[in-house]
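Chemist: Mind having a look at this structure? Questions to follow.
There are 4 protein chains.
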Amino acid sequence: MNLTTLNFKVRLVSYTKDGEKIIAIAAKMSRSRRGWDDHVDMSEDEVRTWVSDAILHGYWSVIEHSSYTFSIEGISRVASHQLVRHRIASYTQMSHRFAKPKDEFYRPVIPPSFKDDEGFQTSYREYIKALESGVPEEDARYLLPNGVNTNLVVTMNARELYNFFGLRLCSRAQWEIRAIAWKMLEEVKRVHPTLFRYAGPNCIIHENFIREEPITLEDEKEFVSQRCIEGVPRQGIWKCIRNSQSILNKR
Amino acid sequence: MNLTTLNFKVRLVSYTKDGEKIIAIAAKMSRSRRGWDDHVDMSEDEVRTWVSDAILHGYWSVIEHSSYTFSIEGISRVASHQLVRHRIASYTQMSHRFAKPKDEFYRPVIPPSFKDDEGFQTSYREYIKALESGVPEEDARYLLPNGVNTNLVVTMNARELYNFFGLRLCSRAQWEIRAIAWKMLEEVKRVHPTLFRYAGPNCIIHENFIREEPITLEDEKEFVSQRCIEGVPRQGIWKCIRNSQSILNKR
Amino acid sequence: MNLTTLNFKVRLVSYTKDGEKIIAIAAKMSRSRRGWDDHVDMSEDEVRTWVSDAILHGYWSVIEHSSYTFSIEGISRVASHQLVRHRIASYTQMSHRFAKPKDEFYRPVIPPSFKDDEGFQTSYREYIKALESGVPEEDARYLLPNGVNTNLVVTMNARELYNFFGLRLCSRAQWEIRAIAWKMLEEVKRVHPTLFRYAGPNCIIHENFIREEPITLEDEKEFVSQRCIEGVPRQGIWKCIRNSQSILNKR
Amino acid sequence: MNLTTLNFKVRLVSYTKDGEKIIAIAAKMSRSRRGWDDHVDMSEDEVRTWVSDAILHGYWSVIEHSSYTFSIEGISRVASHQLVRHRIASYTQMSHRFAKPKDEFYRPVIPPSFKDDEGFQTSYREYIKALESGVPEEDARYLLPNGVNTNLVVTMNARELYNFFGLRLCSRAQWEIRAIAWKMLEEVKRVHPTLFRYAGPNCIIHENFIREEPITLEDEKEFVSQRCIEGVPRQGIWKCIRNSQSILNKR
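Chains A, B, C and D are the protein sequences, given in the same order.
Per numbering that gives the first Met the number 0, the very first residue in the first sequence carries number 0; after that it's consecutive.
Per numbering that gives the first Met the number 0, the very first residue in the second sequence carries number 0; after that it's consecutive.
Per numbering that gives the first Met the number 0, the very first residue in the third sequence carries number 0; after that it's consecutive.
Per numbering that gives the first Met the number 0, the very first residue in the fourth sequence carries number 0; after that it's consecutive.
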């Protein structure tokens, strides 16, 4: 068994292709007496303006019109249990009642702090022993370790993603879900750079609520915030962000 | 002013193009140990099977992965107030605080039971009089009739649409929102006929929970249900459905 | 007709009596291996600490366990349409399909910027005329002015209330829903002063995300925020808040 | 270690005391022009009528006004992971990041199909070994078995409970969450027998959508449904329900 951890895959498998434009038109229609057809030929520049304005003024509801579906594979049930706590989202999860994680399908997530996979092998042997002694599959899995791998299909809209990123990109988030979140951010930024320009951990989100010039993950502008919501003082925030982000290097 | 009523427009302006396939793959992944790539070359036949099975066995969560955005224009605030009561959806509405429904933009929805538009003209004159006397726009609208026209951008996923249709295609639903619902159904059936094959008012939905062979709006199979949830007895249900659907002919 | 406006009533008719304690115990249980019985004899001091900590560290999910039901009577459909846009809440609204706002039950909300109620009387006469000409009740209401009075029963949990207050106590909120929001805040503060100690418009909420010592509506501590999310600069925020709050004096 | 399984506790720790009355008044207000005060002296008989009518006619939104908080202790993470998938609810869960399930706090749920607890003891030894070798708590728990015990505080309103019961009282639900669901039903029926009179697995819920005389779990009236949504034919449904319910005898 390979101890390289974080072998999970995060793939954006479907999304609202013209999501940024849809959001811009919707935002404009809320201020206009005209209908969709009158706005549909919007320039890319105008799209950028409406989208950025929506985010920087907290007009969050309008960004719900763009939606993202991910296939997230090979994460632990420790992480999936945290993930599904985000309630404004849709989930379909591989069921260990019906899909036995046996043989080459047993690929538990082993935290980097472990020196070897011995414990996870022992758990596996106990699982197999139970199956062989006649314990049904849906019961035998009570023995599987929490690190056992699972797959999910997850759909979130852009507003929920902002909320999810705010909480889960933060260095206080548990490292596995944090790695997943940073990877999801990469995926959506690739397709909708304007829409996710201001996404980040809550320190960034909150900072943009209260400062004159907006801030992004890319520029290390000094914070106005005295502290982040988790208590990190102004001077330590950027270091904390970079530290959180470095989880991706462990892959 | 033209008394032809129901001049509203319902346009599907964006949706998950491969929504039926996404749903099918997600459903399959919940039973499989393999990932997205292993399922992505699914045949259309297999898509149909997974999607239909999901709906007929009440596996609703999986159909949430497909999402639909409508531009709904020229409906009354009577209807929009009912529409936004569906909470698992996203809305952006034209604001009468910022967009004055004046001149050619005043196109109230006049119910077919009215003989003329006189009352609506009187209301309009009072609205204009208030504006001219210095009442600000956001206050003057308190005088606008409930029938005044508004526009919305609405996003719902397929599960919420099934729920919305169940309630709003029913003959007990108020006629304007009912007309909107039948039009929305037309739109989504055009693009995803497999997914919305079993959509209908609650009598149809509930019937499919409890009968052996599924039923659709198209075939007039006899009901097993003794009555619909609204109290219409078995023999009257099809007539009630056709009556409800006929609202579209009034356009 | 009396031109005194804002005659609406906001009444807290039910709520989680021991809500603050429930929240405190739940928060403590998330960090503890022991069960409910081991925490149930919590001192008031300890309750205060757990509740305040939850709010000041953005541990919002825990405050969802306390719930509040209001009877809101005599507001306009302008306001009710905005109110029901808050989706994480439960609503039951008086139906103008079934309950005719006639005679003494016609009490439209007349904005203070109107000099008289003439327009609203004209609308009423048109409504009655339509009813008398045989237009059914559910259609005649298309003529009723948007200011027409309605009643709702509304249930929100403490987390949604914080969100609702953040948006609707703000001076940018439309004046009627703003007045309703300030009145709702009064009601919940009366019964749960600890839990709603830090509630306020978003400027206050956001400020507490980023400053060392928390701030409340009662103390006029200087803001660290350079601006509020609506763009009011630091020096103007307190004046803006007091201005917003003064809506209650118009009752 | 005692092999008696299902040692979990389900306790209703808070709820809307006058929930049935609140629901009845709200339902009545939707049809009335009068306010709360005019309805507050409702007789118990009238309460019963409004509440039953709401449920039997699918007027579900009104029953959201009554809310229930449970302390659920000693369930497995297999069950808690399923439980939190119900998104219209509030959860606070014991964190294994902060609360080590060691010594007397390690009380895994061992399915009745196991002959002994050996596998769970082995897992525990591996967990302790990891902790002793310096693996931090939040990582060591990747080794804990999925059956490891956890505690949650859960709040659901009556509508969500009806939905939860529909799915989780069913014999197809996994046995542990099924046992929890039957216990929760006992708890809420004790305090609000009128409101939960028609609660049951989906076969019962759906049957009441389509039959003339309502049916409850207590009376074994013949089903009109040809089959339940899970495919059990008419003749087998009552046996299936009793079989599902018998899970409580295993405690």
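Think of the CB as a built atom: it goes at the ideal place given N, C-alpha and C, for glycine as much as any other residue.
For clarity, every value in this text was computed on a predicted model and none was experimentally measured.
Can you tell me which of the three DSSP states B/L130 falls into?
Modeler: Within the second sequence, the letter at position 131 stands for residue 130 of chain B. Of the three classes helix, strand and coil, the one that applies to B/L130 here is helix, per DSSP.
Chemist: Mapping the DSSP letters down to three states, classify C/D138 as helix, strand or coil.
Modeler: The sequence position of residue 138 of chain C within the third sequence is 139, counting from 1. Three-state result, C/D138: helix.
Chemist: Start and end of the alpha helix (DSSP H) containing C/K27?
Modeler: Counting from 1 along the third sequence, the entry for residue 27 of chain C is found at position 28. Note, C/K27: alpha helix (DSSP H), G18 to M28.
Chemist: Nearest CA to the CA of C/I21: which residue from D/D115, D/T68, D/E63 and D/D40?
Modeler: Taking the third sequence and counting its residues from 1, the one referred to as residue 21 of chain C is at position 22. Ranking D/D115, D/T68, D/E63 and D/D40 by Cα distance to C/I21 puts D/T68 first.
Chemist: Closer than 7 Å between beta carbons: that is the criterion. Which residues of the region 54-87 of chain D meet it against chain C?
Modeler: Hits within the stretch, in order: S60, V61, E63, H64, S66, T68, S70 and E72.
Chemist: Within 10 angstroms of its Cβ, does D/P144 collect 16 or more other Cβ (buried), or is it exposed?
Modeler: By one-based count along the fourth sequence, residue 144 of chain D stands at place 145. So D/P144 counts as buried.
Chemist: So who's on the other strand from D/K8, going by DSSP bridges?
Modeler: In the fourth sequence, counting from the first residue as 1, residue 8 of chain D sits at position 9. According to DSSP, D/K8 bridges with D/E72.
Chemist: Kindly give me the distance between the Cβ atoms of A/A180 and A/R196, rounded to whole angstroms, as I take these residues to be in contact under 8 Å.
Modeler: As a first step, residue 180 of chain A is located in the first sequence; it is residue number 181 there, counting from the start. As a first step, residue 196 of chain A is located in the first sequence; it is residue number 197 there, counting from the start. With a Cβ gap of about 17 Å, A/A180 and A/R196 do not count as contacting.
Chemist: Return the first residue and the last residue of the alpha helix (DSSP H) that D/N207 is part of.
Modeler: Position 208 of the fourth sequence, counting from 1, holds the residue named residue 207 of chain D. Unbroken alpha helix (DSSP H) run through D/N207: N201 to I209.
Chemist: Measuring straight from C-alpha to C-alpha, what distance separates B/I214 and B/A198?
Modeler: Locating residue 214 of chain B in the second sequence gives position 215, counting from the first residue. Locating residue 198 of chain B in the second sequence gives position 199, counting from the first residue. About 10 Å.
Chemist: Which residue comes first and which comes last in the alpha helix (DSSP H) that contains D/V190?
Modeler: Numbered from its first residue, the fourth sequence carries residue 190 of chain D at position 191. From DSSP, the alpha helix (DSSP H) with D/V190 extends over W174 to V190.
Chemist: Mark C/F97 as exposed unless 16 or more other C-beta atoms lie within 10 angstroms of its C-beta, in which case mark it buried.
Modeler: Against the third sequence, residue 97 of chain C aligns to sequence position 98. Per the 10 Å Cβ criterion, exposed.
Chemist: Just to confirm, is the Cβ distance from B/F163 to C/L142 under 8 Å?
Modeler: Here the question's residue 163 of chain B lines up with position 164 in the second sequence. Here the question's residue 142 of chain C lines up with position 143 in the third sequence. Cβ atoms of B/F163 and C/L142: not closer than 8 Å.
Chemist: B/G230: buried (16+ other C-beta within 10 angstroms of its C-beta) or exposed?
Modeler: To locate residue 230 of chain B, count along the second sequence from 1; it is residue 231. Answer is exposed; the Cβ neighbour count stays below 16.
Chemist: Say whether chain B places a C-beta atom closer than 8 Å to the C-beta of A/F195.
Modeler: For the purposes of this step, residue 195 of chain A is identified with residue 196 of the first sequence, where counting begins at 1. So no, A/F195 is outside the interface.
Chemist: Quick one: Cα of B/K27 to Cα of D/Q173, how far?
Modeler: Along the second sequence, one-based indexing puts residue 27 of chain B at 28. Along the fourth sequence, one-based indexing puts residue 173 of chain D at 174. Answer to the nearest angstrom: the Cα atoms are 20 Å apart.
Chemist: Express the C-alpha separation of C/S13 and D/D17 in angstroms, rounding to a whole number.
Modeler: For the purposes of this step, residue 17 of chain D is identified with residue 18 of the fourth sequence, where counting begins at 1. For the purposes of this step, residue 13 of chain C is identified with residue 14 of the third sequence, where counting begins at 1. The straight-line gap from Cα to Cα measures roughly 8 Å.
Chemist: With a cut-off of 8 Å, does the C-beta of A/R96 fall near any C-beta of chain D?
Modeler: One-based indexing of the first sequence puts residue 96 of chain A at position 97. Yes, A/R96 lies at the interface with chain D (some Cβ there is under 8 Å from its Cβ).
Chemist: Going straight from the alpha carbon of A/I127 to that of A/R76, what length do you get?
Modeler: The residue labelled residue 127 of chain A in the question sits at position 128 within the first sequence. The residue labelled residue 76 of chain A in the question sits at position 77 within the first sequence. For A/I127 and A/R76, the distance between alpha carbons rounds to 19 Å.
Chemist: Name the chain A residues that come within less than 7 Å of B/A25, Cβ to Cβ?
Modeler: Along the second sequence, one-based indexing puts residue 25 of chain B at 26. Going along chain A in sequence order, the residues near B/A25 (Cβ under 7 Å) are T91 and V152.
Chemist: At the level of alpha carbons, what is the spacing between D/P242 and A/K188?
Modeler: For the purposes of this step, residue 242 of chain D is taken as residue 243 along the fourth sequence, with counting starting at 1. For the purposes of this step, residue 188 of chain A is taken as residue 189 along the first sequence, with counting starting at 1. In the sequence on display, residue 242 of chain D carries Asn and not Pro. Rounded to the nearest angstrom, the two C-alpha atoms are 51 Å apart.
Chemist: In its own chain, which residues sit with a C-beta less than 6 Å from the C-beta of C/E159, not counting the 5 before and 5 after it?
Modeler: Numbered from 1 along the third sequence, position 160 holds the residue referred to as residue 159 of chain C. Closer than 6 Å at the Cβ level, and outside the excluded window around C/E159, lie I87 and A88.
Chemist: What does DSSP give as the partner residues of D/M155 in its beta bridges?
Modeler: The sequence position of residue 155 of chain D within the fourth sequence is 156, counting from 1. Its beta-bridge partners are D/Y67.
Chemist: Counting only beta-carbon separations shorter than 8 Å, does C/D106 have a partner in chain D?
Modeler: Sequence index remark: in the third sequence, residue 106 of chain C carries index 107 (1-based). The displayed chain sequence assigns Arg, not Asp, to residue 106 of chain C. Cβ-Cβ to chain D under 8 Å: no for C/R106.
Chemist: CA-CA distance, C/L5 and C/A78?
Modeler: If you number the third sequence from 1, residue 5 of chain C lands on position 6. If you number the third sequence from 1, residue 78 of chain C lands on position 79. The straight-line gap from Cα to Cα measures roughly 11 Å.
Chemist: Rounded to whole angstroms, what is the Cα-Cα separation between C/V61 and A/S170?
Modeler: Here residue 61 of chain C refers to the residue found at position 62 when the third sequence is read from its first residue. Here residue 170 of chain A refers to the residue found at position 171 when the first sequence is read from its first residue. Approximately 21 Å between the Cα atoms of the pair.
Chemist: Along the chain, where does the alpha helix (DSSP H) that runs through D/S254 open and close?
Modeler: No answer is possible for residue 254 of chain D: the residues shown for chain D start at 0 and end at 250.
Chemist: Quick one: list the residues of chain E neighbouring A/R167, beta-carbon separation under 7 Å, in chain order.
Modeler: Chain labels in this structure do not include chain E; the protein chains are A, B, C and D.
Chemist: Please state if the CB of D/L130 and the CB of D/I71 are separated by a distance shorter than 8 Å.
Modeler: In the fourth sequence, the residue the question calls residue 71 of chain D occupies position 72. In the fourth sequence, the residue the question calls residue 130 of chain D occupies position 131. Cβ distance not < 8 Å, so D/I71 and D/L130 don't count as in contact.
Chemist: Please tell me whether D/V269 has its Cβ less than 8 Å away from any Cβ of chain C.
Modeler: The structure shown does not extend to residue 269 of chain D, since chain D is modelled only from 0 to 250, so the question has no answer here.
Chemist: Taking 8 Å as the CB-CB cut-off, is D/V41 touching chain C?
Modeler: Against the fourth sequence, residue 41 of chain D aligns to sequence position 42. Here residue 41 of chain D is Met; the residue named in the question, Val, does not match the sequence. For D/M41, the answer is no, since every Cβ of chain C falls outside 8 Å of its Cβ.
Chemist: Taking the C-alpha atoms as reference points, what is the distance between D/V46 and D/W35?
Modeler: Sequence index remark: in the fourth sequence, residue 46 of chain D carries index 47 (1-based). Sequence index remark: in the fourth sequence, residue 35 of chain D carries index 36 (1-based). Each residue's Cα considered, the two are about 14 Å apart.
Chemist: Just tell me which of C/N201, C/Y161, C/F7 and C/E206 has its CA closest to the CA of C/I74.
Modeler: Reading the third sequence from its first residue, position 75 is the one you call residue 74 of chain C. For the residues C/N201, C/Y161, C/F7 and C/E206, the minimum Cα distance to C/I74 belongs to C/F7.
Chemist: Considering just the uninterrupted stretch of the alpha helix (DSSP H) at A/T215, what are its terminal residues?
Modeler: To locate residue 215 of chain A, count along the first sequence from 1; it is residue 216. Counting along the chain, A/T215 falls outside any alpha helix (DSSP H), and DSSP gives it neither H nor E.
Chemist: Determine, for C/F222, whether the minimum Cβ-Cβ distance to residues of chain B falls below 8 Å.
Modeler: If you number the third sequence from 1, residue 222 of chain C lands on position 223. Judged by the 8 Å Cβ criterion, C/F222 is not in contact with chain B.
Chemist: If we ignore side chains and look at the alpha-carbon of each, how far apart do B/I109 and B/G146 end up?
Modeler: Numbered from its first residue, the second sequence carries residue 109 of chain B at position 110. Numbered from its first residue, the second sequence carries residue 146 of chain B at position 147. Looking at the two C-alpha atoms, the distance is approximately 7 Å.
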